[in-house]
Every structure is written in structure tokens, then in C-alpha cells.
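According to the working numbering, the sequence shown holds residues 24 to 293 in order.
Glycine included, every Cβ here is placed at the ideal spot set by N, Cα and C.
Inspection log for the structure reproduced underneath, given as C-alpha cells.
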Amino acid sequence: MPLVTIDGQPLHYIDKGTGPAVLLAGSYLWDQTMWAPQIAALSQQYRVIALDLWGHGESGPLPEGTQSLDDIARQALALLDHLDIDRVTLVGLSVGGMWGVRLALSAPQRINGLVLMDTYVGVEPEPTRQYYFSLFKQIEDTGVIAPQLLDIVVPIFFRPGIDPQSALYQDFRAKLAALPPERLRQSIVPMGRITFGRDDLLPRLGELKADTTLVMCGDQDKPRPPSEAHEMAGLIGCPCVLVPEAGHISNLENPSFVTEALLKFLAERN
Numbered sequence: 024m025p026l027v028t029i030d031g032q033p034l035h036y037i038d039k040g041t042g043p044a045v046l047l048a049g050s051y052l053w054d055q056t057m058w059a060p061q062i063a064a065l066s067q068q069y070r071v072i073a074l075d076l077w078g079h080g081e082s083g084p085l086p087e088g089t090q091s092l093d094d095i096a097r098q099a100l101a102l103l104d105h106l107d108i109d110r111v112t113l114v115g116l117s118v119g120g121m122w123g124v125r126l127a128l129s130a131p132q133r134i135n136g137l138v139l140m141d142t143y144v145g146v147e148p149e150p151t152r153q154y155y156f157s158l159f160k161q162i163e164d165t166g167v168i169a170p171q172l173l174d175i176v177v178p179i180f181f182r183p184g185i186d187p188q189s190a191l192y193q194d195f196r197a198k199l200a201a202l203p204p205e206r207l208r209q210s211i212v213p214m215g216r217i218t219f220g221r222d223d224l225l226p227r228l229g230e231l232k233a234d235t236t237l238v239m240c241g242d243q244d245k246p247r248p249p250s251e252a253h254e255m256a257g258l259i260g261c262p263c264v265l266v267p268e269a270g271h272i273s274n275l276e277n278p279s280f281v282t283e284a285l286l287k288f289l290a291e292r293n
């Protein structure tokens with residue numbers, strides 16, 4: 024199990040395949056296994072790296088002093104340094120895209136291409152931010168994501184028509200229910216506050232290279248609706264692709280569509 028110590032804590036990642044490097048950066052509350060369909064396909068031609076966010080999967084707790092998405096981007100860059108990866112195509116979904124943009128802006132020479140999925144780098148709308156922060160407070164106070172909270176949180180990630188009895192839905196719910204109090208309080212809640220308390224990067228999107236950037240979004244994504252994706256793509260000047268029949272975790276709700284789009288994007292840049 025590959026681990027690297029960054030800022031005093033073990034960061035878990037997987038490293039599969041050979042060829043040009045691709046870094047997969049996933050959503051808050053999900054670990055690197057969310058990328059299983061893409062890892063299987065992409066690793067046939069590429070070196071695929073997928074990491075677990077702090078407090079997620081097999082990674083250790085949020086390192087002391089980690090206060091912003093810029094810190095997360097710097098830590099991911101340290102992982103690339105550790106792996107001797109000079110240039111990478113970064114595919115960031117949700118919070119992965121939020122810190123992925125920061126990595127691309129701070130170290131543009133390290134980026135071959137950038138795919139931003141189901142993400143938004145503007146500030147969180149204030150009513151939503153306050154709502155999420157109230158949920159974090161409940162989780163912090165109780166040390167558990169209680170069943171009534173799971174009923175609120177889990178559906179956010181999927182398209183409205185998903186079968187709640189499906190394995191995808193039930194497995195995610197079970198993972199969240201099983202999170203221990205210490206992990207919730209030390210890492211999950213602080214990571215959530217960092218994510219939804221982020222600053223506004225929309226004014227800097229024009230600095231990204233339009234010809235090596237792609238924005239994608241589930242056509243039924245509720246927390247990060249297509250309107251946000253179109254707004255960002257417009258500011259960057261890059262294409263925006265909507266993933267049919269998909270919500271926030273679009274790469275799992277329509278894996279074949281997303282994998283094909285990524286393979287096409289990678290083929291044009293490597």
C-alpha cells in the first residue's frame with residue numbers, strides 16, 4: 024500500500040500503469056476507489072495516480088496547519104515530486120477540481136492538461152455555505168453522521184432518479200455511516216469547512232490555458248449545476264461537456280461516457 028509522509032502525515036495513493044502521467048483527484052467524502060472504472064481503462068496506456076484526501080480512505084488525518092485548498096494543492100505537488108513526475112494531466116472532480124485549479128495556477132509548468140469535473144472555483148453561495156456548515160456542526164457535536172443526516176447528504180451526490188437500493192448508493196451510505204468520530208472531527212469536518220469556505224478563483228480562470236483545459240459536469244448535478252460549469256468554461260475559453268444521465272459523481276453514474284471523453288482528451292495531448 025503506497026504511502027508517502029507529507030506535512031507529517033501518511034498520504035495514501037495508488038500508482039498504476041506506465042506512460043504519460045494522469046492524476047485523479049476525487050470528491051469530498053469519497054476515496055480513490057471512486058475512480059475504479061477510469062483507473063482500469065486509463066492505466067492500459069497511462070501512468071495513473073489516484074490519491075485519498077486526508078481523513079479519507081487509507082490516508083492519515085488532516086496535517087496540522089492545513090488551512091486552505093492551496094495547502095492541499097501544495098501537498099499534491101509534493102506527492103508528484105516524491106514520484107518524480109515532472110508533468111501531469113490532472114483530472115479533478117468536485118473538491119479535486121477546486122484544489123486542482125490552484126495547483127495548475129501555482130505550477131503551470133507541471134500541467135499537461137486539466138479536466139475540471141462537477142466543480143466550481145467561485146465562492147460557495149452564502150445560503151449553501153451556511154447550510155453545509157450547520158451540518159458540519161451537527162456531525163462535530165455528535166461524532167457521527169446520523170441516519171437522518173445520511174438521508175440528506177447521500178442523495179446530494181447522485182442524479183435525482185437513482186435507485187436508492189442500488190449498490191452505488193447503498194455502499195456510499197454505509198461508508199459514511201461507518202466513519203469513526205475521531206476521523207470525522209479531526210479531518211472530515213475541517214476538510215469540509217476548508218472546501219465550502221474557499222475563496223473566489225473565478226477572476227484567475229483566464230490564466231489557465233484554454234486549449235489544454237476541459238470542463239465536464241453531470242447534466243443532473245445538484246450541488247454543482249451545469250450553469251456553474253458553463254460559467255467556468257466561458258471564463259477559461261474551453262469546451263464544456265455535459266455528462267448525460269449523471270449527477271455529481273458523474274464518472275460513476277455514467278462511467279463509459281466519462282472514460283471515453285477522458286481518453287479522447289488525453290490522446291490529443293500526449
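With a contact defined as Cβ atoms closer than 8 Å, Leu116 and Leu46 miss out at about 12 Å. The stretch 64-147 contains, as complete beta strand (DSSP E) runs of 3+ residues, the segments 70-74, 111-116, 134-140 (chain order).
The stretch 60-79 and the stretch 125-145 do not touch, with fewer than 3 CB-CB distances between them shorter than 8 Å. From the listed residues Pro86, Met121, Leu237, the smallest Cα separation to Leu286 is found for Leu237. Less than 8 Å separates the beta-carbon of Pro84 from that of Gln209.
By the criterion of a C-beta distance shorter than 7 Å, Arg292 is surrounded in its chain by Thr112, Asn135, Gly136, Thr235, once the five residues flanking it on both sides are discounted.
Contact annotation: Ala96 and Arg125 have beta-carbon atoms nearer than 8 Å. The residue from Ala233, Gly80, Asp38, Gln161 with its alpha-carbon nearest to that of Ala63 is Asp38.
Secondary structure note for Ile175: it is in no beta strand (DSSP E), and the uninterrupted alpha helix (DSSP H) holding it is 170-179. For Lys160, the uninterrupted alpha helix (DSSP H) segment begins and ends at 149-165.
Annotation for Leu258: the continuous alpha helix (DSSP H) segment containing it runs 249-259. In terms of CA proximity to Ser273, Phe181 leads the group Ser129, Glu81, Phe181.
Here the alpha carbons of Leu265 and Asn277 stand approximately 11 Å from one another.
Gln209 sits in a helix when the DSSP states are folded into three classes. The DSSP-derived three-state label of Ile37 is strand. Residue state for Ala190 is assigned as helix, using DSSP reduced to three classes.
No Cβ-Cβ contact shorter than 8 Å links Leu231 with Val144. Sorting Asp104, Gly40, Asp174, Gly88 by C-alpha distance to the C-alpha of Arg70 places Gly40 at the top. In this structure, Ala284 keeps its C-beta atom at 8 Å or more from the C-beta atom of Ile259. With respect to Tyr192, Val176 sits apart: the two C-beta atoms are not nearer than 8 Å.
In terms of CA proximity to Gly123, Ser91 leads the group Thr28, Ser91, Pro150. Within 10 angstroms of the beta-carbon of Gly120 lie 16 or more other beta-carbons, which makes it buried.
When the Cα atoms are used, Gln171 and Pro131 turn out to be separated by approximately 43 Å.
Note that the C-beta distance between Gln68 and Gly42 is below 8 Å.
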